[in-house]
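Below: the structure, in structure tokens.
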Amino acid sequence: MLRNEIQDKTGLTRKAMEYYEEKGLIYPQKYENGYRNYSDEDLEVLTKISFFRKLGMTVSEIEKCFSFDYNTLSSILRKKQHQLELDKKRKDLLELVIKGEERELVEERINLIEAEESLYEKLEGAFPDYLGQMLFMAYQPFLKEPLDKSGEEAFKKYVEYLDGLPSFELSKEEKEYIEKMSSAFDMQSLREVHQAKISAVENAEEWLKKNEDAISQYEIYKESEEYQNSMMKEIQDKLQRFMSDNKYYEIAIPLIRKFSRSYDDYYRKLLKANEEYLNLRA
0 MLRNEIQDKT
10 GLTRKAMEYY
20 EEKGLIYPQK
30 YENGYRNYSD
40 EDLEVLTKIS
50 FFRKLGMTVS
60 EIEKCFSFDY
70 NTLSSILRKK
80 QHQLELDKKR
90 KDLLELVIKG
100 EERELVEERI
110 NLIEAEESLY
120 EKLEGAFPDY
130 LGQMLFMAYQ
140 PFLKEPLDKS
150 GEEAFKKYVE
160 YLDGLPSFEL
170 SKEEKEYIEK
180 MSSAFDMQSL
190 REVHQAKISA
200 VENAEEWLKK
210 NEDAISQYEI
220 YKESEEYQNS
230 MMKEIQDKLQ
240 RFMSDNKYYE
250 IAIPLIRKFS
260 RSYDDYYRKL
270 LKANEEYLNL
280 RA
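Under numbering that gives the first Met the number 0, think of the first position of the sequence shown as 0, with each following residue one higher.
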């Protein structure tokens, strides 16, 4: 197919098509006279690109989708949901400014938003795709309190620690597996899961007794041949080794507890809940 046909079918401009060719997303056949012959595969790719661009996806996000499969869209969706939430917070602050709110209060909230955004970006950079977002989600509910002076220093050290981490390497198959497993979870459902965990440690003894059968079934599954030979087990073990090798629990967790009082409270209750769990299984 010639360029004009593709443009009619996709609505893309000539410059846009040339750009996507430069990015290596399409591979039209080139003739000496400068004309290009686009294949059905090129048309399919450009149709998808046009669709994704209408959804507001960046070129880098689109490249990411074509590098793996459509399950990658789930991690992009969570990222965009997070960004939209930050944008809404900024909009709310702008409305406060218009209404004459004290500058000091507004700046305090701006600093909190910037801290949350910075942490998200650092986690996303240090960990690939879904894992980085999951790690962020583990702490996001505890990042809504203002940082005091000691907290600011701890947060800075935490970000520096993340910056210094080596890449967490996963195979293409492992990444695809994680994305497939996570495709049903958006930011809201992840929050609900996290809230359930927080509620569980609030009254661990009662929760453990109420869910004793489910816990037993889970323990049986964890010992099963199916789980022991699963990719999930392989990925979890790999992540555990990565955390251990980089002293995440010794370095990162104490820093998080310093810049988030609510996480420190949750962590203390989690330790107590673990003790009660071990006593229950003894």
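Note that beta-carbon positions come from the ideal geometry of N, C-alpha and C, so glycine has one too.
Residue i versus residue j: straight-line alpha-carbon distance, rounded
{"i": "E152", "j": "E84", "result": "26 Å"}
{"i": "L277", "j": "K271", "result": "10 Å"}
{"i": "Y247", "j": "L269", "result": "17 Å"}
{"i": "R332", "j": "E224", "result": "In the structure as shown, the chain starts at 0 and stops at 281, and residue 332 therefore has no counterpart that could be examined."}
{"i": "L42", "j": "A137", "result": "41 Å"}
{"i": "I300", "j": "E103", "result": "Outside the modelled stretch of the chain, which goes from 0 to 281, sits residue 300, for which no answer is possible."}
{"i": "E106", "j": "E94", "result": "13 Å"}
{"i": "E101", "j": "I219", "result": "57 Å"}
{"i": "E178", "j": "I97", "result": "42 Å"}
{"i": "E17", "j": "G23", "result": "10 Å"}
{"i": "K90", "j": "K221", "result": "46 Å"}
{"i": "K156", "j": "Y265", "result": "21 Å"}
{"i": "R256", "j": "V58", "result": "37 Å"}
{"i": "Y217", "j": "I75", "result": "31 Å"}
{"i": "K14", "j": "E21", "result": "11 Å"}
{"i": "L92", "j": "G99", "result": "11 Å"}
{"i": "Y69", "j": "K79", "result": "Note that Y69 scores 46 on pLDDT, short of 50, meaning its location in the model is unreliable; the coordinates nonetheless yield the value given after this. Whole-angstrom Cα-Cα distance: 16 Å."}
{"i": "E201", "j": "F65", "result": "43 Å"}
{"i": "E205", "j": "Q187", "result": "26 Å"}
{"i": "E31", "j": "Y19", "result": "20 Å"}
{"i": "L284", "j": "K171", "result": "Residue 284 is absent from the model: the chain starts at 0 and stops at 281."}
{"i": "Y26", "j": "I5", "result": "13 Å"}
{"i": "L207", "j": "V192", "result": "17 Å"}
{"i": "I252", "j": "N3", "result": "57 Å"}
{"i": "I250", "j": "E144", "result": "22 Å"}
{"i": "E211", "j": "Y226", "result": "20 Å"}
{"i": "E159", "j": "M242", "result": "16 Å"}
Whether residue i touches residue j by CB criterion (9 Å)
{"i": "L45", "j": "Y37", "result": "yes"}
{"i": "L134", "j": "A114", "result": "no"}
{"i": "F258", "j": "S149", "result": "yes"}
{"i": "E275", "j": "A203", "result": "yes"}
{"i": "I234", "j": "L169", "result": "yes"}
{"i": "E238", "j": "R77", "result": "Correcting the residue type first, residue 238 is Leu in the shown sequence and not Glu. No, Cβ-Cβ distance for L238 and R77 is not below 9 Å."}
{"i": "F50", "j": "E60", "result": "no"}
Given residue i as reference, the closest of the options once Cα atoms are compared
{"i": "K87", "options": "R108, L104, I75", "result": "R108"}
{"i": "S215", "options": "D91, R280, K98, E100", "result": "R280"}
{"i": "K8", "options": "V200, D39, E144, I61", "result": "D39"}
{"i": "F154", "options": "N3, M0, L111, M16", "result": "L111"}
{"i": "E116", "options": "Q139, E20, M0, E101", "result": "Q139"}
{"i": "M0", "options": "E168, Y19, I252, Q28", "result": "Q28"}
{"i": "K53", "options": "L11, L92, E173, R77", "result": "L11"}
{"i": "M231", "options": "E191, N210, M180", "result": "M180"}
{"i": "S282", "options": "L146, Y30, G55", "result": "Residue numbering for the chain in the displayed model covers 0 to 281; residue 282 lies beyond these limits and cannot be assessed."}
{"i": "E173", "options": "V192, L164, D236, I197", "result": "D236"}
{"i": "E175", "options": "K63, F241, D212", "result": "K63"}
{"i": "D244", "options": "A213, L164, P253", "result": "L164"}
{"i": "M56", "options": "M242, Y226, Q82", "result": "Q82"}
{"i": "D305", "options": "E159, I197, D212", "result": "Any property of residue 305 remains undetermined from this structure, which presents the chain solely from 0 to 281."}
Bounding residues of the alpha helix (DSSP H) (the contiguous stretch that carries residue i)
{"i": "D263", "result": "260-280"}
{"i": "T12", "result": "It is not in any alpha helix (DSSP H) - T12 carries neither H nor E in the DSSP assignment."}
{"i": "K148", "result": "148-162"}
{"i": "L45", "result": "39-53"}
{"i": "F241", "result": "230-244"}
{"i": "Q227", "result": "224-227"}
{"i": "K98", "result": "Premise fails: K98 is in no alpha helix (DSSP H) and is neither H nor E."}
{"i": "E204", "result": "203-209"}
Within-9 Å CB hit, residue i to chain B
{"i": "I234", "result": "Annotation note: the requested chain B is absent from the structure, which comprises a single protein chain."}
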